[in-house]
Structures are given as structure tokens and as C-alpha cells.
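There are 2 protein chains.
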Amino acid sequence: MTGQGERLARVALSVVAEPGDDRLLALVERLGADLVLDRLRSEAALAPRFHGLEPARVLDDAVRAGLRFVVPGDEEWPASLDDLAAVASLQRRGGVPVGLWVRGPARLDRLAASVAVVGSRSATTYGADVAAGIGADLAHAGRPVVSGGAFGIDQAAHRGALAADGTSVAVLACGADRVYPEAHRRLIEHLGAEGAIVSETAPGGAPMRVRFLARNRLIAALTTGTVVVEAALRSGALNTANWAGRLNRPLMGVPGPVTSGSSQGVHQLVRSGAASLVTSGADVLEVVGAMGEHLQVEPRGPERPRDRLSHDQLQVLDAVPLAAGAVVDSIARTAGLGVGPVREALGALVRLDLVEREGSGWRLAAPARE
Amino acid sequence: MTGQGERLARVALSVVAEPGDDRLLALVERLGADLVLDRLRSEAALAPRFHGLEPARVLDDAVRAGLRFVVPGDEEWPASLDDLAAVASLQRRGGVPVGLWVRGPARLDRLAASVAVVGSRSATTYGADVAAGIGADLAHAGRPVVSGGAFGIDQAAHRGALAADGTSVAVLACGADRVYPEAHRRLIEHLGAEGAIVSETAPGGAPMRVRFLARNRLIAALTTGTVVVEAALRSGALNTANWAGRLNRPLMGVPGPVTSGSSQGVHQLVRSGAASLVTSGADVLEVVGAMGEHLQVEPRGPERPRDRLSHDQLQVLDAVPLAAGAVVDSIARTAGLGVGPVREALGALVRLDLVEREGSGWRLAAPARE
Chain P
1 MTGQGERLAR VALSVVAEPG DDRLLALVER LGADLVLDRL RSEAALAPRF
51 HGLEPARVLD DAVRAGLRFV VPGDEEWPAS LDDLAAVASL QRRGGVPVGL
101 WVRGPARLDR LAASVAVVGS RSATTYGADV AAGIGADLAH AGRPVVSGGA
151 FGIDQAAHRG ALAADGTSVA VLACGADRVY PEAHRRLIEH LGAEGAIVSE
201 TAPGGAPMRV RFLARNRLIA ALTTGTVVVE AALRSGALNT ANWAGRLNRP
251 LMGVPGPVTS GSSQGVHQLV RSGAASLVTS GADVLEVVGA MGEHLQVEPR
301 GPERPRDRLS HDQLQVLDAV PLAAGAVVDS IARTAGLGVG PVREALGALV
351 RLDLVEREGS GWRLAAPARE
Chain R
1001 MTGQGERLAR VALSVVAEPG DDRLLALVER LGADLVLDRL RSEAALAPRF
1051 HGLEPARVLD DAVRAGLRFV VPGDEEWPAS LDDLAAVASL QRRGGVPVGL
1101 WVRGPARLDR LAASVAVVGS RSATTYGADV AAGIGADLAH AGRPVVSGGA
1151 FGIDQAAHRG ALAADGTSVA VLACGADRVY PEAHRRLIEH LGAEGAIVSE
1201 TAPGGAPMRV RFLARNRLIA ALTTGTVVVE AALRSGALNT ANWAGRLNRP
1251 LMGVPGPVTS GSSQGVHQLV RSGAASLVTS GADVLEVVGA MGEHLQVEPR
1301 GPERPRDRLS HDQLQVLDAV PLAAGAVVDS IARTAGLGVG PVREALGALV
1351 RLDLVEREGS GWRLAAPARE
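Line by line, the protein sequences are chains P and R.
Under the numbering used here, the first residue of the first sequence carries the number 1, and numbering increases by one thereafter.
Under the numbering used here, the first residue of the second sequence carries the number 1001, and numbering increases by one thereafter.
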């Protein structure tokens, strides 16, 4: 358990620093929050940021608003986030957050099997339907669904999971006490009541671009894999996809019509090899599942009468013409079989509705013509 | 140039044997057509097949009907077909045809750069539109388009190529003098007049299932790569796809809505790694092109004003809130910049229509909110 001093230092850092500031977070990793905070306090240029800041009061107010502040070392701290330290030290991007503000009953340490479902805010109805379906499939498999609470794909994924009585978590770019976008008030309140609202931004913080980008890394890091359902070539969802790649988490893309701009970004991810193609929740579970856990049976078309034919019957069926009928002799020649076995096979094929009479000959019946 | 005796022996084999008979074709490769024909003639069981057969007359009749018979050794023989010998000896499937019956001005030895575009007979309008577009793109790039003349994707691919004044070739399962399906009489006559109709089946031969399967191997072997546009899980197009794989030819798949059964087979090919995903004729050209020849510029969204901003301007833009305005001091704190540079940057951002006044503060203008 992290001491109260360290916790309050992290609260203070959460207020004065921007989410995902790689230099600051690297220092915190190396020196601890207390020391970093002391240093920042001593820098004259930053003095205005500390003006009137009382971390204990920030924390109290947050708790009264139903929030909690989860920091590394807490039982609820999700170990998956620690992977951000490796990426930060190699690529000087992001880093482990000083802490996460959380509202809602879902515990962050129970998200180890969760899956991110993200995509365009300007989703098509196709994309929204697919995202909702995947959200529901994941929920049925007991997998929490993590997304960004945004319009379009995010919303559909959350709703799909909630409709299937699953756990869903929204990671927001604004404070976890706020609602953004405002039009999603009901959805976000629902997630706060049944799942969780998570943010690296301190309570009251407004959604700003830099915070969206920092937020995206958390969506990728909290989850065991990321599914992009629709994304145009410049979609913010591709930023989350990049983070999944940096974190070596499986990245998946749902294809769509090549004529739809909303699928272009996804197709590019698949074409470049960054993402694997998935078409359903079952496909997603196969990719993120423990080895063998969700191995899917290859989908097959429905069984056809042809599948149960003997070798002779197949030979004969292949020798029966499509349109104009052929006499038994001609069929026997083509099939390379004697007339006797051919007559026998024809009888069986007629009973199976695969072959029919045509004048003095035989031809394929409709069900065999495919 | 192949001698007349060998040629007539191959005509005879083309009449008495079924296309793609791997044992027979392997014997022809090893012993030559003359010897194999002699052996077959001596087998009592096959006597009926030879009854009344006069190869010279078959050839004469065919020539009168506008056909020619192209055999290995002829100048027009497409070298690409010889790859079928390797597959046949390793996998005991198919084999090099004894000859091809051809109608139309397109020469088979000019198909080295051709691309196969195949797919479901029961195509959706989406699939047909995409196939026609790819057919046209290939034609514009000077690439002949090869397909099977069937309903759906095949037809659309042929028509797309013809509409772009390109060369298109149909490989049929029936004799090259026949029309199948009958509803495609105009298309097939058009292909015979402008491109070519090709068949391994002797003139007059009816379309039968075994001939469709043998035909599919020729579509894959004649071309430098195969594109599957739509294919349900049991589609015959997947048989052509398998042949492309066996022949080590690039196999490509066009994705579609995951809710469309017509795209399921294609998605499975991409998921399994058998096919690469393509979304356009340009993608196809990149895959089949000689190295570097058709390397595509990665598609990018349109350039945005943001792309031309200075570092300070970007910092300030990221610090400007989305909805409620923020005063200059607050923006400066968030951006970590002095008030002077922030005022300067805000001026530039307003001129670019990225930031606007809101009360005493500033907020993002609509174009910057995406």
C-alpha cells in the first residue's frame, strides 16, 4: 500500500502536470513522486500552477464526488499499465500515469482480460452495429469492454456490453467527475453506476487534445487487445491502434466496404500487417484468448447432399450434364465407370434430388447446379 | 513448333480425356501425346470414346468455327502454364493441359502480366461495382483481366476491363465454341471478338462440374495473381484461390461488410494469411507489380491547417479548451509557455480559423475540434 505522503504527492502531480508527459513520468518512475514534486515546486516558472493547490482537499472533494485515486502499489492498481514504462524508456512517449481517478464499481485490477473496442466518432450504422455486436459477444464471454465514451463506435461498444449485462469501462480525457461529450450523460452515468469511468486528468479537468492522445495510450494499456471497428485515415482511433502496437498488444481490425471512407484506416492497418482481420466477437476472442481457449472451428458452409455421396456417386454426378440430358452410356464414358454402377448411382442421385430425367437422358437437378 | 502428328494426338486426347486428369497429363508430360494416345487406344474399356473420332476433322471443324488449338511448343503457348507440371508432380492434381482451344484476337503468350478477378456468381451490387472498378483499373494499367465468364463478379470484372478498352479473357468450362451461361451470350461474343475465349474442353463439350474445377486451375495459372472479390464460404472462387496458392501466385482478397455472407470466404482467406487484403486496383497493382513498379504512396487524409503549425502554435492549440473558453493566463500555464508567445500564437490560430473568442477567453473553433 502506498503511503499517504506519496499518494498526496501524486494527487498534486496529477493536478499540475499534463497526462502522458513522458519526461515528468520518467522522473517519477526514477525518483518517486515526492522528490519530483519538490523539484517542480522550486521552479519559478511553474509557481502559478501550484498556487492554492491543496492535494488533501483535492482528494477529499473527489471522494465526496464518488471518485477514488488509484496509484501504483494499490491493490486495485492494474499491473498492465506498468508496460507503459518500457515503451516510455525506449520511445520517450507516454509513461505510467501518476495515478488514475476512478468512479464506479468495476475494479481496475479486474480488467486483465478486458478488450478495447474503439473507432470513428462518425461511425456508419454498419460500424455501430458491428461494434455493439462485438461488445455484447465480449460481455457474454466475461470480458470487460473498454472504450472512450465518444460518439459512434465507442458508444456502440459500451452499449453492446451493457445490454449483455457485461462490464464496460470508459477512459475519458476530461476529469472522471465530468461528462464528455455532454450528449452521452446518460451513458456515462450508467457506466459510472455499473462499470467505471477512468481518467488520468484530475477532477474538473477539461477535455483537451493532448489529453485525448494520453487517454488513448491508457485504453491500449489497460486491455489485452484492441479492436478498431471503423476508422478513417486520420481517425484518432488509429492513435489508440499505434499504442496497442507499441505495447505489443494484439491489434485487430474489422473490415468494411472498400467504398466506405470509415473503413479506410482499418484496411490500411490490416494491409500493413499491423492489425489482424476479425469479423466477429468470436474472432476477437480467438485472437486475445489464452492459447487454445477460444480456438474457433473454421466456419464452413452448410453441409450439402454431395458431402455424403460415395466415390462412384460423385464420379457419376460430375459426369451428368447441367442442361441438356445425357444418356447412361455417355455418362458412363465420361465417368469412366461401367453402365451397371452408373445406373445404380443415378438411382441414388435421383432420390437425393441431385439428378433428374430429361427426355431419354439425365441432367442435374436444381440443387446440384450450384 | 509442334509437329502435326503430336498436335493431332493432343486434339484426340482433348476429346477423349477429361480436363485436368492428373494421371493422364503426367503421362503425356513423360511420354508425349502420341505414345499415351496409342496406349489409350489399346484399352478395351476406352474403345467407345474413340469410336468415330477423327482428330484432323475435329481440328478442321474448330478452325472453321474460328477456333485455334494452342499446344506446348507453339509460339502462342503461355509459359506460365508450365508451372502446373510442378504442382501436378508434387500434389497429384491437375497438370499441364494437352492444349487450349482459343477463340479471339488476344494471344495467350501476351497474358504474362494478366490478373485474375474472380468471385461469387451471386455477387452483391457492392461486389460487382468493386470488381468492375478493379477490372477497369487493371485495364488502364495495361493488364489483361482473366475470369470465368460467369454471373456476378466474373461478369463485372470482364465488363469493367472492356469498358476501359482493356483486354479481357474468359476461361470456360464448356467448349470455346459454346456459350455458357446462355444469358451471357453478348458478353462472351464480345470477349471472343475483342479478347479471347479459352477452354481445355474440346469444342462442343458441355460445362460439367469436373470441368469447372479444372478450369479454375487455368485461371490461376494463366495469370500473375488472383483477386477474389466476393466469395461465400463454399464458393467455387475459393477453388481458384487454392490454385493460386498452390502455384505460388499472389492471392488477394477484397474485404466487405462482415455482415455479408458474400464476403465471408474472402475474410477467411485474409484471416488465415492465404490472401493479402486489397481495396482497389491500385492495391492490386502494388501486389502484382514488379518490385517498385507500382509502389503506392500510403493513403493519407487531406492536409489540415494543423499540419503547418509551428511548435509553439501546436502547444497553444492543444491547450485551448474545446467548449468553455479559457483566458490567456490559463492557456499559458497549460501550454507551459509565456503569455507573450501565447498571445502571438493565438493570433495566428484565429487567422487559421482554428481558435475563436468565447467571452473573455478562447476556445477551439469548429474546424479544430475533430
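Note that beta-carbon positions come from the ideal geometry of N, C-alpha and C, so glycine has one too.
- Task: Determine whether the Cβ of glycine 204 of chain P lies closer than 8 angstroms to any Cβ atom of chain R.
- Result: It does not: the Cβ of glycine 204 of chain P has no partner Cβ on chain R nearer than 8 angstroms.
- Of all the CB atoms in chain P, is at least one closer than 8 angstroms to the CB of glutamate 1043 of chain R? It does not; no Cβ of chain P falls within 8 angstroms.
- Query: Is the CB-CB distance between alanine 1221 of chain R and serine 1080 of chain R below 8 angstroms?
  - Reply: The criterion of a C-beta distance shorter than 8 angstroms is satisfied by alanine 1221 of chain R and serine 1080 of chain R.
- Message: Give me, in chain order, the residues of the same chain whose beta-carbon lies closer than 6 angstroms to that of glycine 204 of chain P; leave out the 5 immediate sequence neighbours on both sides.
- Response: The beta carbon of glycine 204 of chain P is closer than 6 angstroms to those of Gly175 in its chain, skipping five residues each way along the sequence.
- Query: According to the neighbour-count rule (16 or more other Cβ atoms, all chains shown, within 10 Å of its Cβ), is glycine 347 of chain P buried or exposed?
  - Reply: Glycine 347 of chain P is exposed by the Cβ-count criterion.
- Item | Closer than 8 angstroms to chain P by CB, arginine 1114 of chain R | Note that residue 1114 of chain R corresponds to serine in the displayed sequence, not to arginine. For serine 1114 of chain R, the answer is no, since every Cβ of chain P falls outside 8 angstroms of its Cβ.
- Query: What's the gap between the Cα of alanine 169 of chain P and the Cα of glutamate 1358 of chain R?
  - Reply: Just to set this straight, residue 169 of chain P is valine in the shown sequence, not alanine. Near 33 angstroms, if we compare the C-alpha coordinates of glutamate 1358 of chain R and valine 169 of chain P.
- Message: Using CA atoms only, rank isn't needed, just tell me which of P/Ala65, P/Gly95, P/Arg10 is closest to leucine 53 of chain P.
- Response: Of the candidates P/Ala65, P/Gly95, P/Arg10, the one whose C-alpha sits nearest the C-alpha of leucine 53 of chain P is P/Arg10.
- Task: Return no unless some Cβ of chain P is closer than 8 angstroms to the Cβ of aspartate 1022 of chain R.
- Result: False, the Cβ-Cβ gap to chain P never drops below 8 angstroms.
- serine 280 of chain P versus chain R: which residues are under 8 angstroms apart at the beta carbon? Those are Val1258, listed as they occur along chain R.
- Task: Would you mind giving the Cβ-Cβ distance between glutamate 200 of chain P and proline 97 of chain P, rounded to the nearest angstrom? I have them listed as a contact below 8 angstroms.
- Result: Glutamate 200 of chain P to proline 97 of chain P, Cβ: 4 angstroms. Contact.
- Item | Within chain R, partners of histidine 267 of chain P - CB distance below 7 angstroms | In chain order: Pro1255, Leu1277, Thr1279.
- Task: Tell whether a beta-carbon distance below 8 angstroms holds between alanine 156 of chain P and glycine 135 of chain P.
- Result: The Cβ atoms of alanine 156 of chain P and glycine 135 of chain P lie closer than 8 angstroms to each other.
- Query: To the nearest angstrom, how far is it from the Cα of glycine 1289 of chain R to the Cα of valine 1117 of chain R?
  - Reply: The C-alpha of valine 1117 of chain R is placed about 15 angstroms away from the C-alpha of glycine 1289 of chain R.
- Item | Any C-beta of chain P under 8 angstroms from that of glutamate 1358 of chain R | It does not; no Cβ of chain P falls within 8 angstroms.
- Query: Any idea if alanine 196 of chain P is buried or exposed, counting beta-carbon neighbours within 10 angstroms, 16 or more meaning buried?
  - Reply: That one is buried.
- Task: With a threshold of 16 other CB atoms inside 10 Å of the CB of serine 114 of chain P, please say whether the residue is buried or exposed.
- Result: Burial check for serine 114 of chain P: the Cβ neighbour count within 10 Å reaches 16 or more, so the residue is buried.
- Query: Name the chain R residues that come within less than 7 angstroms of alanine 37 of chain P, Cβ to Cβ?
  - Reply: A quick correction: the sequence has leucine, not alanine, at residue 37 of chain P. Going along chain R, no residue has its Cβ under 7 angstroms from leucine 37 of chain P, so there is no contact; the nearest lies around 17 angstroms.
- Just tell me which of P/Ala214, P/Ser280, P/Gly261, P/Leu24 has its CA closest to the CA of serine 235 of chain P. Out of P/Ala214, P/Ser280, P/Gly261, P/Leu24, the CA that lies nearest to the CA of serine 235 of chain P is found in P/Gly261.
- C-beta contact flag for leucine 1059 of chain R and leucine 1100 of chain R at 8 angstroms: Taking 8 angstroms as the cut-off, the Cβ atoms of leucine 1059 of chain R and leucine 1100 of chain R do not count as close.
- Message: Let me check understanding here. Comparing Cα to Cα, which of P/Gly3, P/Asp83, P/Ala26, P/Gly20 lies closest to arginine 215 of chain P?
- Response: When each option's Cα is compared against that of arginine 215 of chain P, the closest is P/Gly20.
- When the cut-off is 8 angstroms and only beta carbons count, does valine 1355 of chain R lie next to chain P? Output row for valine 1355 of chain R: interface = no.
- Message: Spatial neighbours of leucine 1309 of chain R within its chain, please: C-beta separation below 7 angstroms, excluding the five flanking residues on both sides.
- Response: Sequence-distant partners of leucine 1309 of chain R (beyond 5 residues in either direction) whose C-beta falls short of 7 angstroms from its own C-beta, in its chain, are Leu1317.
- Going straight from the alpha carbon of isoleucine 331 of chain P to that of valine 339 of chain P, what length do you get? Spanning the two alpha carbons is a distance of roughly 8 angstroms.
- Message: Within the continuous beta strand (DSSP E) that includes threonine 334 of chain P, where are the two ends?
- Response: Per DSSP, threonine 334 of chain P belongs to no beta strand (DSSP E); it is in the alpha helix (DSSP H), 328 to 335.
- At least 3 beta-carbon pairs within less than 8 angstroms: the stretch 101 to 109 of chain P vs the stretch 246 to 264 of chain P: In short, these stretches do not touch, since the Cβ pair count stays below three.
- Message: Suppose the cutoff is 7 angstroms on Cβ atoms and the five residues either side in sequence are ignored; what does the same chain contact list for leucine 1040 of chain R look like?
- Response: So the qualifying residues of the chain are Val1016, Leu1046.
- Message: For alanine 1150 of chain R, report the span of its beta strand (DSSP E) as first-last.
- Response: Neither: alanine 1150 of chain R is in no beta strand (DSSP E) and is coded neither H nor E.
- Item | Proximal chain R residues relative to alanine 324 of chain P, where beta-carbon distance stays under 9 angstroms | Ordered by position in chain R, the residues that pass the 9 angstroms Cβ test against alanine 324 of chain P are Ala1206.
- Task: For the stretch 1309 to 1324 of chain R, enumerate the residues whose C-beta is nearer than 8 angstroms to any C-beta of chain P, in chain order.
- Result: Here the close residues are Leu1317, Asp1318, Ala1319, Val1320, Pro1321, Leu1322, Ala1323, Ala1324.
- Spatially closest choice to glutamate 286 of chain P from P/His267, P/His184, P/Val327, P/Asp137, by CA coordinates: Considering only alpha carbons, the answer is P/Asp137.
- In the DSSP assignment, find the unbroken beta strand (DSSP E) run with threonine 1240 of chain R in it and report its ends. Where threonine 1240 of chain R is concerned, there is no enclosing beta strand (DSSP E), although the alpha helix (DSSP H) around it starts and stops at 1237 to 1246.
- Query: With 16 as the cutoff for other CB atoms within 10 Å, does serine 263 of chain P come out buried or exposed?
  - Reply: It counts as buried.
- Item | Sequence-distant residues of the same chain with beta carbon closer than 7 angstroms to threonine 334 of chain P, five excluded per side | Cβ within range, chain order: Ala319.
- Terminal residues of the alpha helix (DSSP H) in which leucine 1285 of chain R lies: It spans 1281 to 1288 - the alpha helix (DSSP H) in which leucine 1285 of chain R sits, taken as one unbroken run.
- Query: What's the C-alpha gap between methionine 208 of chain P and leucine 1364 of chain R?
  - Reply: Going by the C-alpha atoms only, they are around 10 angstroms apart.
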